[in-house]
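Residue numbers (full-length UniProt numbering): 1 to 220.
C-beta atoms are modelled at their ideal positions from N, C-alpha and C, and glycine is treated no differently.
Notes to accompany the following structure.
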């Protein structure tokens, strides 16, 4: 049975990450630390021979993917960006302060700690994400199901392009990687987002898959 190894890396730190602003489909440049995050991720993965490299179509993911590829001992000649691997879309709340916005959104779900991480730990990532869709006055924010659908489309495409045993790099985003992990290994604790530059490995087959590790910052 065909199987491939997918290495999902969260992009390097951005200005919006640093200033705690919601950054889904909107974008901001990598910080100095962000370039360092990407380079360190590249060094940790430098011995992995990637057959294909993909990233979301955000600038932060594209730049991170290019830096990682340059650090690799066997860099690929083409990096393909795919919208399916974008971050969660926050709709009306794009660009807003994340701390203040989460507090307002989650107050009715938890008066003790109204944060995305706390709600994820208590109710699961699906409910934590769906609150955004429910509260968005335009209802433009993505639901868990919408994220799942496009993520699956991306996985199907990548799997189809690969050969048995291939190693594939995907540079993506924190919440999308948490959704990915919840789908394949729901027992893994995803109450905290993977850090910038960390690696999550998925062993994917035609009829399923398994997350081998989540948010790893060690040398592969």
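Q | Nearest-angstrom Cα separation, counted from residue 199 out to residue 241 | A | Because the chain spans 1 through 220 in this model, residue 241 falls outside it and cannot be assessed.
Q. From the DSSP output, which residues share a beta bridge with residue 211?
A. Bridge partners of residue 211: 202.
(Q) Using only the alpha-carbon positions, how far apart do residue 82 and residue 7 sit? (A) Here the C-alpha atom of residue 82 lies approximately 15 Å from the C-alpha atom of residue 7.
Q: Could you check if residue 120 is buried or exposed, using at least 16 other CB atoms within 10 Å of its CB as the buried criterion?
A: By the Cβ-count criterion, residue 120 is buried, with 16 or more other Cβ atoms from all chains shown falling within 10 Å of its own Cβ.
Q: Note down, in chain order, each residue of its chain lying with its Cβ closer than 6 Å to the Cβ of residue 205, except the 5 sequence neighbours on either side.
A: Around residue 205: 1, 3.
Q. Just to confirm, are residue 59 and residue 42 a CB contact at a threshold of 7 Å?
A. No, they are not a contact pair.
Q.
Which of the three DSSP states is assigned to residue 151 in this structure?
A. In the three-state reduction of the DSSP assignment, residue 151 falls in the helix class, which pools H, G and I.
Q) Which residue or residues does DSSP assign as beta-bridge partners of residue 230? A) Residue 230 lies beyond the residue range present for the chain, which begins at 1 and ends at 220; the question has no answer from this structure.
Q) For residue 182, which of 101, 11, 114, 129 has the nearest alpha-carbon? A) Measuring from the Cα of residue 182, the nearest candidate turns out to be 129.
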